[in-house]
Each structure stands twice: as structure tokens, then as C-alpha cells.
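Undergrad: Input: one structure, supplied below.
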Amino acid sequence: MVADFQSLPNELILHLGEMLLDSALNSLVLTNRRFAELLNPMLWKLVSDEDEGSMQDLPFPPETSVNNVVELLGYAVATRNTLMMQKVIRLGDFDFEAHGDAITYALRGTVAQGNQPWLELILSKVEGQDDTVDAETLSSLVLQAVELENTAIVERLLRHGRIHFSCWDKCCHSILGAKNDRLLRIFLDTAQPNRVLVAKDLDKPFRTAVISGHIPFLETLRQQGAEMNPEPTGHSRYNQAPLHIAVYRGDHSVITWLLDHGANINALDSSDQTAVHIAARDEKLLRLLVGYGADVRLIGRNGLPPLALAARSKSPDAFNYLLSFYDNLSLQPEDIEWYSCALLGAGCPEIISCLLDRVDLTKYGEDLLFRTRLSCSIPLLKALVAGGVSLGARFSDGGTILHHYAYRPIWGWPRGLDDLEREHVAAANFILDVHPEGLHEVDQDGNTPLHLAAGHTFRLMVQTLLERGASPLALNLQGDTPIDSGRNAILERREYLTGMGPSGLARNNPEEVYGLLKSYGSPEQERRLMNDI
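So for the sequence shown, full-length UniProt numbering puts the first residue at 1; every next one is plus one.
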């Protein structure tokens, strides 16, 4: 049966208090106001308001089991016992070196309650001591108050001493997230990190303020010395210069504010891209940046001007706007790389037509056709065919474009290639619809597209070519059929595909591809092949 001390009469509690061990008595005193007042009648007796003012400080009762009255401070705070708090403050020996844990516990309680008057009382008792609230403890208290957005308590704690720089950084982030203008100003004006702040320390808060889109924060940080053009700190979009971040977010008001306060309109990010590169698919953003003097023809590290990036838009508006800055644009030999990238990534037929209209297809058509294997763009294939480019054109290995779609070495790409493989097959089907004879055309080694697809265990392509009528028994110059290529791939490809994880092997299992090829190699097909030979 568990004892219910709360129901005991006062006389019995007092009697028990004389019998209990010190540890048990401490537990009663520290957890219940009634027990505290009964078991320490000299210290905790209730008096009237008029008596309180004239009452002299009483010595701590020698018979108490509490070593020092300060040990009751946490209890007074937790129970919001004003009378007990007043007496602890008056009678307690606030030696932080001796009672630091009890005082720290009480400080945490006052911060959690938002009780500034009591916080002031406790701090005033320990200030000036050689051993007082250390930077680590003060930092945790400040961070606690910041998260509660209690400006008055934050300010009082910061006046007490220095905090760790890591706390300063976390507090800035928390305040910016809360969009508390007044708290940010007070914090930045009052906080004393344990090392001297330099302008670079404001870079991270400034970037956070840009992300929040809160201009008053930007102004406060600028007044504190934040730089408008800090160096990128990484390759993530949120580690770039503030202007680039604002453009990524499409925040016109922040972009305007940054440019009005000295942001470099043509600054390069960690990928050597300007703000115009980032805004290339947004006509409104482009017009805003151009209004501040942006250079729309700067080439980035990857060799692409903003126009090539604008081509990826599903609407031609931004592309046409940037195109207006080019006089008589036409494909020149030195521009083939970025021009082909623009075509391969083009997001709508209008942009493809606009770019191809400026290309001499008799000179560059087959080169562009060969590059389509990088994007599997059916709209671009259609446009090239409409422009007179032959899908039966031969490349340096003697193969056609279908050969290159069939054997493309996609195995080194990241996992999750299902969509990429389907795009390859869709492009191959388009090619066969326009140029069906490509199914049986061979490269310089006598390989049909099926030989190459089988050799690379490209299961979906193998199945598609077989369904379109490709022969699994066609011989190349070495006398191998696609079935032989599939058999050889079992040893050559299994280890590689296994290294790609379950998805790689499941999608293109060499044994399954080999079985698929054999299932199409009927005796009738074999007899027909021998007759052809």
C-alpha cells in the first residue's frame, strides 16, 4: 500500500519530519509547499504584509535537513511560490561556486515561465562573483529565451555576459525563422559572442534573411555590416551569393532591394553562372535584371549562354526575349556545343524550329542527329527529318542513329534508369516508323541494332526490336548472332549489373535477355536464315 502524505494531518507530518532521514525529508520539502512550510516553520511561516517589512532576516534553522536555503530556489520557481522566493533571495547564500547547479536550475525555470522579475533577482545575486554563470550555461539560456521569443529576457541574459559563437549563430537562425524584427535588432546590438565578429559572420544570417524574403531583416543585417556580395560557400543553390538565392526563389522585391544596395548584377556563382543564367526561363525576372544592366550573353563554366538555358522552357517567351539581344544569330562552328545543348534541351517545338531555322542542315544536320542520343528528343528528331536529314546517315563506326540508340552505354549512369530506357525505346520506335529498313542495317562490324542491344543486355530495346521483326539469328562479320551476343553478355554484364543493385539486375537480367532472344529464334527462322546465306 502506497502512503498518501497529502492526506495526513499537519501534526503527523511534523512528527514524521522528526523521524525521517535527511534525504527523505529533503524530498518532502522540495516537492510540496505544504510540507516545506510545515517542516520549516521558522523559515516559511506566513506573516502579514506589514510584518514582512519589519521582519529581520532570520538565520537558517540549524535543524533543517537542507544544506542551504538556495537549494529550495528551484522549488520556489517551479511552484511560483512568491513568498518562498522572497525569503530565499533574502536569506540565501548565493555562492555560485557552491550552489551553481541549484541556481542554474532555477534560472532555467524562470526563463521557461517568462518570469523576468525573478530572473532579474537571481542574476543580480550572482553578478560580480568570480565564479558566475559560464558562457555555455548562459548560451543555453539565451537560446531557450530566443526560441520563446521573449525579448526582455533575451536582452537581460545577454547583458549578463558572453555567449558562444555557435549560440549566436543558432539564435540568428531562429530569430530569422520567426521573423521577429525587434528581437533581431536587440539581439544583434546586445549579444557578445566569445570571439570578435567579422563581416563574414553575417553571411549565413544574411542568406537566411534572403530566403525568408523579409526585407526589414536584410536592412538590419546590412546596418550591422553584412556584405552584399559574399563568396559562395558551396554548390548548393542556398550557398550562393544573396542575389543568386533571391533569383532562384523568384523574389522580385528582394532582388530589387539587393540591387539597390550594391549587389553585383553580373557576379558568378560557384558554377560560374550569373543571375541571368538562373532566371533564363522567366521573362519577368529577365526584364528586371536587364533593367539593372545585366549582361545576357555571358558564357558560364559549362560553356552555355543564358539563351541555351532559356531554350529549355516550355514557353518561348523568355527565349524570344533573350534572342532579341542577338543580331542575325546563326550556328557557327565555335558555337556548336552550346547551340546543340539548346536544341537537345528545347522544351517546345517553337524553340526547336527557331533554332533550326538558323542552322545549315546540309553542314550540321548529321552532327545534330548524332547528338540526339543524349536527349532522345523526338520533337528534335521530327524537325531534323522535316529539314531533310536522313535517319539512315552513317557515322564514324559505320552505324546509323538506331545503332547508337540500341547500344548506348547507359550502365554507368545513376540508378533508376527506367524512364531513360523508355525514352530510348520511344525514340527508336519513331526512327523505325520513318526508316524501317534501319532494323536490318549493319555497322562496320556487321552488327545489327539487335546485336548491340543484346550485347548490352538492354532488355526493353531487345524486346522492341524483336517485336518489330529483327532477326536473332543474323550473323555479324565474326559469325555471331544476337543470341551469341546475349550469351556472351551473361558473363560480361552480370557482375556489372549486380553492382548497380537489385534494380539494375532485375531490369536487364542477362539470363532473361538471353532467354528472350532464344524464344524468337525458332527453327523456321533458322532455316530461312540458312536459305538467305
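Using N, Cα and C, we set each Cβ at its ideal position, and we do this for glycine too.
Taking residue 89 as the reference, which of 480, 124 and 114 has the closest Cα?
TA: Looking at the Cα atoms, 124 is the closest of the given residues.
Undergrad: Can you tell me where the alpha helix (DSSP H) holding residue 320 begins and where it ends?
TA: Note, residue 320: alpha helix (DSSP H), 317-323.
Undergrad: Could you give the residue range of the alpha helix (DSSP H) that holds residue 165?
TA: It spans 165-178 - the alpha helix (DSSP H) in which residue 165 sits, taken as one unbroken run.
Undergrad: Alpha helix (DSSP H) containing residue 260: first to last residue?
TA: That run of the alpha helix (DSSP H) goes 252-260.
Undergrad: Per the contact definition of three or more C-beta pairs closer than 8 Å, is the region 231-245 in contact with the region 279-288?
TA: No, because fewer than three Cβ pairs between the region 279-288 and the region 231-245 fall closer than 8 Å, the two stretches do not touch.
Undergrad: State buried or exposed for residue 251, treating a residue as buried only when at least 16 other CB atoms are found within 10 Å of its CB.
TA: Counting Cβ neighbours within 10 Å, residue 251 comes out buried, since at least 16 surround it.
Undergrad: Going residue by residue through the region 289-366, where are the continuous alpha helix (DSSP H) segments of at least 4 residues, counting only ones entirely within it?
TA: 306-310, 317-323, 336-344 and 349-356, all fully within the region 289-366.
Undergrad: For residue 232, name the three-state secondary structure that DSSP assigns.
TA: Correct three-state label for residue 232: coil.
Undergrad: In the DSSP assignment, find the alpha helix (DSSP H) that holds residue 472 and state where it starts and stops.
TA: It is not in any alpha helix (DSSP H) - residue 472 carries neither H nor E in the DSSP assignment.
Undergrad: Given residue 303, which residues of its chain have a CB within under 6 Å of its CB, disregarding the five upstream and five downstream residues?
TA: Correct list, in chain order: 337 and 338.
Undergrad: Rounded to whole angstroms, what's the CA-CA distance from residue 144 to residue 175? Just pull it up for me.
TA: Residue 144 and residue 175: Cα-Cα distance of roughly 12 Å.
Undergrad: Buried or exposed, going by whether 16 or more other CB atoms sit within 10 Å of the CB of residue 472?
TA: Looking at its Cβ environment, which holds 16 or more other Cβ atoms inside 10 Å, residue 472 is buried.
Undergrad: Along the chain, where does the alpha helix (DSSP H) that runs through residue 90 open and close?
TA: Element bounds for residue 90: 82-91.
Undergrad: Closer than 7 Å by C-beta to residue 268: which residues in its own chain qualify, once you throw out the five before and the five after it? Chain order, please.
TA: Excluding residues within five positions, the ones whose Cβ falls inside 7 Å are 274.
Undergrad: With a threshold of 8 Å, are at least 3 pairs of Cβ atoms found where one atom belongs to the region 395-406 and the other to the region 363-381?
TA: Yes: at least three Cβ pairs fall under 8 Å.
Undergrad: Please report the residue range of the alpha helix (DSSP H) in which residue 100 lies.
TA: First-last of the alpha helix (DSSP H) with residue 100: 96-113.
Undergrad: Using the beta-carbon count (16 or more within 10 Å), is residue 358 buried or exposed?
TA: Exposed: under 16 other Cβ atoms inside 10 Å.
Undergrad: What's the C-alpha gap between residue 420 and residue 430?
TA: C-alpha separation (whole angstroms): 16 Å.
Undergrad: Can you name the start and end residues of the alpha helix (DSSP H) that residue 429 belongs to?
TA: Residue 429 -> alpha helix (DSSP H) spans 418-434.
Undergrad: Whose C-beta lies closer than 7 Å to the C-beta of residue 265 among residues of the same chain, with five residues either side of it excluded?
TA: Contacts found: 259, 275, 289, 292, 293 and 294.
Undergrad: How would you label residue 386, buried or exposed, when you count the other beta carbons within 10 angstroms and need 16 or more for buried?
TA: When all chains shown are included, residue 386 counts as exposed.
Undergrad: For residue 180 and residue 83, I'd like the C-alpha separation in whole angstroms.
TA: Spanning the two alpha carbons is a distance of roughly 35 Å.
Undergrad: Which word fits residue 152, buried or exposed, when buried means at least 16 other C-beta atoms lie within 10 angstroms of its C-beta?
TA: Label assigned to residue 152: exposed.
Undergrad: State yes or no: is the C-beta of residue 174 nearer than 8 Å to some heavy atom of the ligand NAD?
TA: Ligands in the displayed structure: none, and consequently the ligand NAD is not present.
Undergrad: Please list the terminal residues of the continuous alpha helix (DSSP H) segment that includes residue 77.
TA: It spans 73-78 - the alpha helix (DSSP H) in which residue 77 sits, taken as one unbroken run.
Undergrad: Buried or exposed for residue 72, please, with buried defined as at least 16 other CB atoms from any protein chain shown within 10 angstroms of its CB.
TA: Residue 72 should be labelled buried.
Undergrad: Would you mind giving the Cβ-Cβ distance between residue 277 and residue 228, rounded to the nearest angstrom? I have them listed as a contact below 8 Å.
TA: Contact flag wrong, Cβ pair sits at about 19 Å.
Undergrad: Alpha carbon to alpha carbon, what distance is there between residue 389 and residue 234?
TA: Those two C-alpha atoms are separated by around 44 Å.
Undergrad: What span of residues does the alpha helix (DSSP H) with residue 245 cover, start to end?
TA: Counting along the chain, the alpha helix (DSSP H) containing residue 245 begins and ends at 242-249.
Undergrad: Can you grab the Cα-Cα spacing for the pair residue 517 / residue 453, in whole Å?
TA: If you take the alpha carbons of residue 517 and residue 453, they lie about 11 Å apart.
Undergrad: Going by Cα to Cα distance, which pick from 271, 185 and 196 is closest to residue 218?
TA: Ranking the options by Cα distance to residue 218, first place goes to 185.
Undergrad: Apart from the five residues on each side of it in sequence, which residues of its chain come closer than 7 Å, Cβ to Cβ, to residue 191?
TA: Result list for residue 191: 158, 163 and 168, in chain order.
Undergrad: Who are the near neighbours of residue 172 in its chain, counting only those whose CB is closer than 6 Å to its CB and skipping five residues on each side?
TA: Around residue 172: 205.
Undergrad: Report the option in 91, 95, 93 and 110 whose CA atom is closest to the CA atom of residue 74.
TA: Cα-wise, what sits closest to residue 74 is 110.
Undergrad: Taking the alpha carbon of residue 221 as the reference point, which residue from 189, 319 and 239 has its own alpha carbon closest?
TA: The candidate whose alpha carbon is nearest that of residue 221 is 189.
Undergrad: Output the distance between the C-alpha atoms of residue 232 and residue 212, rounded to the nearest integer angstrom.
TA: Spanning the two alpha carbons is a distance of roughly 18 Å.
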